[in-house]
């Protein structure tokens, strides 16, 4: 049926321009807005350079040091689960060599758009203790992205697990990237 | 804070024994039970060889040909999202070089245990058209695994997206692997 052998590994890679973005980051982000500005900048560069969908995420320490960052790599890496959040969390875990980020302080996930149903499910498994979101589910959906069947009280669900949530942070700037992506006629992921 | 540089990629690998398992697979699985037996065998070998959690998954064609297989690699690969389903789906996508499995026929995900909230969210993004599950959420939870906040009508949610679901297939055999894992005192993932 398929002429390629069964692979025994898969790899998700950040785009070439990532090193330049990284070199421009401060030693510490001063506040929540500075963290979100960095995540939104990742999402914007990913669109402008044509290296994936319009989503960017960071993992930071509570005092604002960057642990890892990620962008959506679904199309370039041919992996439907390579959302920005999953990529950033996985890279943080790779860097710390531990699947459980809760062993390394009160780490935070900063994401340019609220998590889809998959990424929401991934957050409690990762061990982060705080989540900052930019654009909302509504912003994603009006742009044509399917966020999946996320429970209405997703913030309460995370809070009951000891994970603090802030959403709508720099929402206009974050949502503008989604709208620009849609306006370019870029491909929206809708399997099936 | 961390003395290792920011990684620009992460990699999820199947364990060494995978090639032997692969060599023993038939050209086609005769029926649903044969597919599930193969997924349960993966979950059992992963426990017995100490190479991850007690979960195994396959992606097959509608006529029973193996496209890809995966096992839980959370601890060995330090990645909280490396559940068996995500690994099998990602390897199928890597083999087909396409994030959207729906472009390659009516593919099926066969998994030794019902999906957790994260993997449930991942299924619609993958493009599979049918899901076969062995052990139930209850089997996972009595063994100590946290399946996350999955909606009650998860089967209806997938069906409304055009994805057929069968659960409880070879449930006693699939659940036995979870119980054996717990009885060995193996580590259960509960971040936080």
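Chains as they are written, first to last, in my numbering: chain A, -3 to 188; chain B, -3 to 188. All C-beta atoms, glycine included, are put in the ideal place defined by N, C-alpha and C. Every value quoted in this text rests on a predicted model; they were computed, and no experiment measured them.
Practice task
For residue 158/B, count neighbouring Cβ atoms within 10 angstroms of its own Cβ and tell me buried if that reaches 16, exposed if not.
Solution key: exposed
Exercise for the section: Compare the C-alpha of residue 176/A against each of 140/A, 56/A, 60/A, 148/A and name the closest. Expected result: 140/A
Practice task
Give me the Cα-Cα distance between residue 79/A and residue 27/B, rounded to the nearest whole angstrom.
Solution key: 34 Å
Practice task
Closer than 9 Å by beta-carbon distance: list the chain B residues that pair up with residue 71/A, in chain order.
Solution key: 95
Practice task
On a CA-only basis, which of 147/B, 110/B, 60/B is nearest residue 161/B? Give me that one, please.
Solution key: 110/B
Exercise for the section: Check the Cβ-Cβ distances between residue 122/B and every residue of chain A, and say whether any is below 8 Å. Expected result: yes
Handout entry: Under 8 Å between C-beta atoms of residue 33/A and residue 53/A
Key = no
Exercise for the section: For residue 129/A, return the contacting residues in chain B, with the cut-off set at a CB-CB distance below 8 Å. Expected result: Per Cβ cutoff of 8 Å: no residues; residue 129/A is ~16 Å from chain B at best.
Handout entry: Alpha carbon of residue 8/A to alpha carbon of residue 121/B, nearest angstrom
Key = 17 Å
Practice task
With a cut-off of 8 Å on the beta carbons, I'd call residue 5/A and residue 10/B a contact; round off their distance for me.
Solution key: 7 Å
Exercise for the section: Starting from residue 157/B, follow the alpha helix (DSSP H) in both directions and report where the run begins and ends. Expected result: No alpha helix (DSSP H) contains residue 157/B, which DSSP labels as neither H nor E.
Handout entry: Distance, residue 18/B Cα to residue 84/A Cα
Key = 32 Å
Problem - Cβ pair residue 117/B, residue 174/A closer than 8 Å - result: no
Handout entry: Interface residues of chain A facing residue 64/B [CB-CB closer than 9 Å]
Key = 2, 3
Problem - Test: residue 117/B CB closer than 8 Å to a CB of chain A - result: yes
Exercise for the section: From the DSSP output, in three-state form, read off residue 173/B for me. Expected result: helix
Handout entry: Per-residue burial, residue 104/B [other beta carbons within 10 Å of its own, 16 or more giving buried]
Key = buried
Exercise for the section: Determine, using beta carbons only, whether residue 82/A and residue 91/B come nearer to each other than 8 Å. Expected result: no
Exercise for the section: Per DSSP, which residues does residue 53/B bridge with? Please list them. Expected result: 66/B, 107/B
Practice task
Taking residue 153/A as the reference, give the member of 63/A, 49/A, 51/A, 125/A with the closest Cα.
Solution key: 125/A
Problem - 8 Å Cβ cutoff met for residue 142/B and residue 171/B - result: no
Problem - Pick from 86/A, 98/A, 106/A, 101/A that is closest to residue 167/A, judged by C-alpha positions - result: 106/A
Problem - Proximity winner among 31/B, 40/B, 69/B, 137/B, relative to residue 165/B (alpha-carbon distances) - result: 31/B
Exercise for the section: Check residue 127/B in the structure and name its three-state DSSP category. Expected result: strand
Handout entry: chain B residues whose Cβ lies nearer than 7 Å to that of residue 104/A
Key = By Cβ distance, chain B contributes nothing, its closest Cβ being about 13 Å from residue 104/A, past 7 Å.
Handout entry: Between the CA atoms of residue 48/B and residue 155/B - distance to the nearest angstrom
Key = 31 Å
Exercise for the section: Closer than 7 Å by beta-carbon distance: list the chain B residues that pair up with residue 114/A, in chain order. Expected result: 114, 117, 118, 121
Practice task
Kindly say whether residue 75/B, judged by its beta-carbon, lies nearer than 8 Å to any beta-carbon of chain E.
Solution key: Any reference to chain E falls outside this structure, whose protein chains are A and B.
Practice task
Closer than 6 Å by C-beta to residue 25/B: which residues in its own chain qualify, once you throw out the five before and the five after it? Chain order, please.
Solution key: 31, 60
Exercise for the section: Using alpha carbons as the reference points, say which of 93/B, 1/B, 138/B lies closest to residue 62/A. Expected result: 1/B
Problem - residue 22/A, buried or exposed, once every other Cβ within 10 Å from all chains shown has been counted against 16 - result: exposed
Exercise for the section: Could you run through the stretch 6 to 33 of chain A and flag, in chain order, every residue whose CB is less than 8 Å away from some CB of chain B? Expected result: 6, 7, 8, 9, 10, 14, 15, 18
Exercise for the section: Would you tell me roughly how many angstroms separate the C-alpha atoms of residue 188/A and residue 88/A, rounded to the nearest one? Expected result: Low confidence applies here, because residue 188/A scores a pLDDT of 47, under 50, leaving its location unreliable; read the following figure in that light. Taking the straight line from one Cα to the other gives about 32 Å.
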